[in-house]
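Residue numbers (the numbering used here): 25 to 654. Glycine included, every Cβ here is placed at the ideal spot set by N, Cα and C. These notes concern the structure reproduced below.
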């Protein structure tokens with residue numbers, strides 16, 4: 025009977041021995057197969073296929089000779105141990121028998137009988153051992169390796185020669201965690217890159233049931249520590265090989281028994297690009313973003329390049345951004361609370377309450393408008409501050425006092441004035457008191473209470489020219505009711521005019537009044553009354569008294585020159601005379617001591633003074649009047 029050397033996948037029967045039992049070769053084969061089957065079932069269930077030790081790829085014979093696989097062992101998918109006790113060369117025809125290209129090198133389980141027994145008299149002769157003879161093979165990269173073959177690495181053939189070998193595709197054995205699906209069980213194996221690297225194939229859940237206290241803990245321990253020491257968790261959606269991972273979450277020792285937490289990602293574009301720090305939570309709890317691109321650091325919502333909401337850094341500034349049609353709002357309590365401040369994507373801002381600014385306010389635009397779009401004030405390239413420039417407000421009201429500081433104020437023009445000066449071009453209305461510490465220059469009229477008080481449209485200073493102030497001009501001490509003092513001070517009394525110096529007048533309107541002039545120069549009068557013209561209209565007779573007050577001594581030498589009187593009559597045919605009557609100044613009864621002196625166009629002498637009297641015929645009719653010198 026031919027012996028059966030098959031190894032069952034699930035061994036259920038083992039040999040049972042008893043005394044005087046007869047055994048044949050199959051019994052011994054079954055005994056061995058039972059133990060081998062148990063070993064393979066254990067390896068298949070708890071280990072994943074791959075290299076366990078050794079089996080490195082090399083080219084000790086040169087690129088034109090067969091490659092060599094170093095000694096070692098592996099486990100295949102059936103749980104069988106594949107062993108190379110010595111370094112073994114690949115097929116003899118390599119590399120010449122291989123087409124140019126990239127290949128995966130693999131090793132498959134195979135064993136054959138060996139160690140033939142020596143011939144004995146009367147005995148059977150056969151192989152006494154089973155010898156492993158693993159098969160070294162190659163599959164073009166991208167192809168499918170034979171079932172249960174273990175990939176050892178890769179190599180390249182070019183122009184009939186081997187290139188350098190790689191560890192690309194090399195499979196390492198590991199621990200298999202049986203699960204519901206035998207073909208997709210979780211496994212822990214080497215990462216094939218780092219000497220101490222491991223890869224968990226599948227999902228990992230850490231569980232520790234602890235009611236009301238700390239539950240599961242995952243500890244990453246760098247036992248040597250020190251400033252800059254780190255521990256990390258890497259995330260990859262592809263096999264990075266020896267390159268940086270796609271993302272790394274890393275703790276960095278601060279040298280003070282605490283750590284920073286750093287999130288880094290690989291710069292997009294190539295598998296060989298390096299990690300770039302994107303976010304750091306410092307040991308003090310500060311969240312820090314680097315200033316490198318990209319500048320948008322926190323994107324809260326994004327559906328496209330024109331629909332993005334977030335916070336970013338640009339040119340040393342922190343920026344909040346949103347689409348042009350949206351708004352950035354500051355609200356109370358939560359995102360649905362009362363809106364306190366809002367800025368639209370177009371740049372318009374609005375406050376629901378007051379705005380208090382402790383420092384400078386810089387406006388990048390030219391105008392500041394209210395919620396209705398009306399311009400409040402404007403600045404331009406000439407550095408003017410224009411209030412109500414579009415004249416959308418009916419006027420400007422200053423609720424409180426305004427201080428100009430070291431500048432001036434121009435109203436109605438663009439003049440730049442020195443400090444402390446006020447210029448008003450056009451009518452100016454002042455409802456309260458006006459204090460002027462220097463010169464007040466007015467280019468037009470001055471109205472008080474809506475009435476013209478001063479006019480300076482020509483070379484005259486015209487006071488109350490329109491007569492709008494019906495009672496006249498009143499200033500106690502200088503101008504008083506029905507009195508005038510010129511060149512002096514004090515009230516001369518109702519109806520009097522006092523001139524401290526020379527009085528020169530072309531026309532004086534008088535109604536039986538008195539013009540009095542005091543001029544004292546010691547005891548001798550030195551002033552003179554000249555060029556006086558008294559005009560009276562509407563009466564047939566006019567009396568005008570000219571009084572000159574003089575000291576009682578030395579009355580000679582004083583004269584009144586060029587005195588003329590003119591009367592207008594309703595009937596121009598009436599004939600009258602001009603008389604000059606001189607009264608003695610010391611006669612209390614006003615009697616004429618030596619009689620009145622009457623003259624027509626001549627001079628009259630007295631004991632104490634002299635009068636020069638000129639008679640003028642105006643407009644073809646006679647004039648009549650009286651003149652006294654007291």
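The straight-line gap separating the alpha-carbon atoms of residue 177 and residue 267 is approximately 18 angstroms. A check of alpha carbon separations from residue 309 across 299, 333, 364, 283 identifies 283 as the nearest. Between the alpha carbons of residue 359 and residue 379 lies a gap of roughly 21 angstroms. Residue 272: member of the beta strand (DSSP E) spanning 271 to 277, first to last residue. For the pair of segments examined, the region 207 to 217 was found not to touch the region 233 to 244: the number of CB pairs separated by less than 8 angstroms stays below three. DSSP, read as helix, strand or coil, puts residue 232 in coil. Within the same chain, 90 come within 8 angstroms of residue 116 by CB-CB distance, once the 5 residues on both sides are set aside. In the three-state reduction of the DSSP assignment, residue 288 falls in the strand class, which pools E and B.
The beta carbon of residue 124 is closer than 6 angstroms to those of 181, 182 in its chain, skipping five residues each way along the sequence.
The secondary-structure analysis by DSSP pairs residue 186 across a beta bridge with 181. Closest in C-alpha terms to residue 184, from the list 342, 294, 299, 120, comes 120. Around the beta carbon of residue 274, a 10 Å sphere encloses 16 or more other beta carbons of the protein chains shown; the residue is thus reported as buried.
In this structure, residue 195 and residue 74 form a Cβ contact; the two beta carbons are roughly 4 angstroms apart against a cut-off of 8 angstroms. Under the three-state reduction of DSSP, residue 301 is assigned to strand.
For residue 58, no beta strand (DSSP E) run applies; the uninterrupted alpha helix (DSSP H) run containing it begins and ends at 49 to 70, by DSSP.
Looking at the backbone, the Cα of residue 389 and that of residue 372 are separated by about 11 angstroms.
Setting aside the 5 residues that flank it on each side, residue 256 is surrounded in the same chain by 244, 272, 273, 274, 275, each with a C-beta closer than 8 angstroms to its C-beta; the list follows chain order. In the same chain as residue 226, and ignoring 5 residues on each side of it, the C-beta atoms closer than 6 angstroms to its own belong to 210, in chain order. Listed as beta-bridge partners of residue 325 by DSSP are 333.
Shown here, residue 206 sits in a helix according to DSSP, grouped into three states. In this structure residue 277 does not touch residue 293 by the C-beta definition: roughly 31 angstroms separates them, more than the 8 angstroms allowed. Using a Cβ-Cβ distance cut-off of 8 angstroms, the region 81 to 88 and the region 60 to 70 are not in contact, since fewer than three pairs of beta carbons, one from each stretch, lie closer than that value. 287 is the residue among 233, 287, 270 whose C-alpha sits nearest the C-alpha of residue 254.
Annotation: the region 233 to 262 contains the following complete segments of the beta strand (DSSP E) (minimum length 3 residues), in chain order: 254 to 259. For residue 129 and residue 56, the gap between their C-alpha atoms comes out near 32 angstroms. Annotation: residue 122 to residue 92 spans about 16 angstroms, alpha carbon to alpha carbon. Per the coordinates, the alpha-carbon of residue 168 lies some 15 angstroms from the alpha-carbon of residue 160. Residue pairing by DSSP leaves residue 387 without any beta bridge partner. When the five nearest sequence neighbours on each side are left out, the beta carbons in the same chain lying within less than 7 angstroms of the beta carbon of residue 301 are those of 286, 288, 314, in order along the chain. No Cβ-Cβ contact shorter than 8 angstroms links residue 172 with residue 134.
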